[in-house]
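Let me begin by presenting the structure, written as structure tokens, before commenting on it.
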Amino acid sequence: MKILGIDGSPRKDGNTEKLVRRILAGAEAAGGRIEFLKLADLTIDYCMGCGACRATGDCVMHDDMDRVYDTLQQSDVIVLGSPVYAWQVSGNTKVFMDRLCRVLTPQYESRLNGPKKIAFAYTQGNPDAEKFKPYFDYQEKLFPFLGFTLAGRVQATGTRAKEDILAQQETLDRAYSLGQKLAV
Ligand SMILES: Cc1cc2nc3c(=O)[nH]c(=O)nc-3n(C[C@H](O)[C@H](O)[C@H](O)COP(=O)(O)O)c2cc1C
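Here the numbering used here is used: position 135 in the sequence shown is 202, and no number is missing along the way.
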């Protein structure tokens with residue numbers, strides 16, 4: 068079982084990266100093969116809306132999304148992490164999501180090359196865990212539409228300084244347990 072962690076936080080070693088890595092640590096402990104990609108370390112341009120990928124399955128832009136897409140196709144489970152920025156996912160995360168357009172054929176069939184699960188890791192400054200729940204529920208609906216199976220969510224609240232999440236042992240434990248579950 069291969070588990071790919073994708074971190075959509077631009078901040079190096081911040082709360083979101085720590086949360087994604089914690090999920091991966093649980094997955095690895097349960098026997099999974101893991102890989103971590105940080106979108107901000109990669110060059111992934113905006114989708115330009117040409118629509119060519121829908122017919123061909125390939126993107127006309129050849130940047131680091133080629134590698135992300137290939138790695139995604141080689142994985143059984145994706146863990147997608149994002150901080151909440153302006154009540155939504157980060158720009159890095161959204162650009163990645165737009166570039167997944169190539170997953171769908173013109174008939175809206177999925178080009179995923181096998182069953183794939185996806186789990187989410189969110190961090191937010193707001194201490195209210197319910198605040199963005201309707202948004203998370205909504206934005207995750209994209210992924211079953213693309214062919215993924217939803218497999219869980221971990222959320223850290225009240226995280227501002229880079230180390231804040233380290234004081235939230237229960238959240239870290241939930242992340243680790245989710246990772247263990249994802250790897251089997
Ligand atoms: C540009 C920006 C916008 C943000 N918008 C929100 C927001 O709308 N709601 C919220 O709860 N936190 C918001 N935050 C706080 C981050 O979500 C929070 O600190 C998060 O844990 C940062 O993740 P990181 O440590 O991986 O960078 C924002 C932070 C930044 C930098």
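The beta carbon of each residue, even a glycine, is placed where N, CA and C say it ideally should be.
Indicate the three-state DSSP secondary structure (helix, strand or coil) for TYR189 in the structure shown.
Looking at TYR189 - three-state DSSP - the assignment turns out to be strand.
So is ARG88 buried or exposed if we call it buried at 16+ other beta carbons inside 10 Å?
Its Cβ being crowded by 16 or more others within 10 Å, ARG88 is buried.
Go ahead and label GLY75 buried or exposed: buried means 16 or more other beta carbons lie within 10 angstroms of its beta carbon, across all protein chains shown.
Label assigned to GLY75: buried.
May I ask you to list the residues that DSSP assigns as paired with ARG100?
Bridge partners of ARG100: LYS69.
Taking only the alpha-carbon atoms, compute the straight-line gap between ASP137 and ARG100 and give it to the nearest angstrom.
The straight-line gap from Cα to Cα measures roughly 16 angstroms.
Using 8 angstroms as the Cβ pair cut-off and three pairs as the minimum, do the segment 169-185 and the segment 210-217 touch?
Short answer: they touch.
Report the option in ALA107, CYS126, ALA122, ALA188 whose CA atom is closest to the CA atom of CYS114.
Among ALA107, CYS126, ALA122, ALA188, the Cα nearest to that of CYS114 belongs to CYS126.
Determine the closest residue to TYR152 out of GLU237, LEU249, LYS105, TYR202, with distance taken between C-alpha atoms.
Answer by Cα proximity: TYR202.
Note down, one range per segment and in chain order, each beta strand (DSSP E) of at least 3 residues found wholly within the segment 118-183.
Complete beta strand (DSSP E) runs here, min 3: 144-152.
For the beta strand (DSSP E) containing PHE212, list its first residue and its last residue.
Looking at the DSSP string, PHE212 is not in any beta strand (DSSP E); the run it does join, the alpha helix (DSSP H), is 209-213.
Here's the rule I'm using: 16 or more other beta-carbon atoms within 10 Å means buried, otherwise exposed. How should ASN180 be labelled?
Classification of ASN180: exposed, given that the 10 Å Cβ count is below 16.
Determine, using beta carbons only, whether ILE145 and LYS183 come nearer to each other than 8 angstroms.
Closer than 8 angstroms, so yes.
Just how far apart, CA to CA, sit GLY72 and LEU239?
Between GLY72 and LEU239, the C-alpha separation is close to 15 angstroms.
With DSSP as the reference, label LYS229 as helix, strand or coil.
Three-state DSSP puts LYS229 in coil, outside helix and strand.
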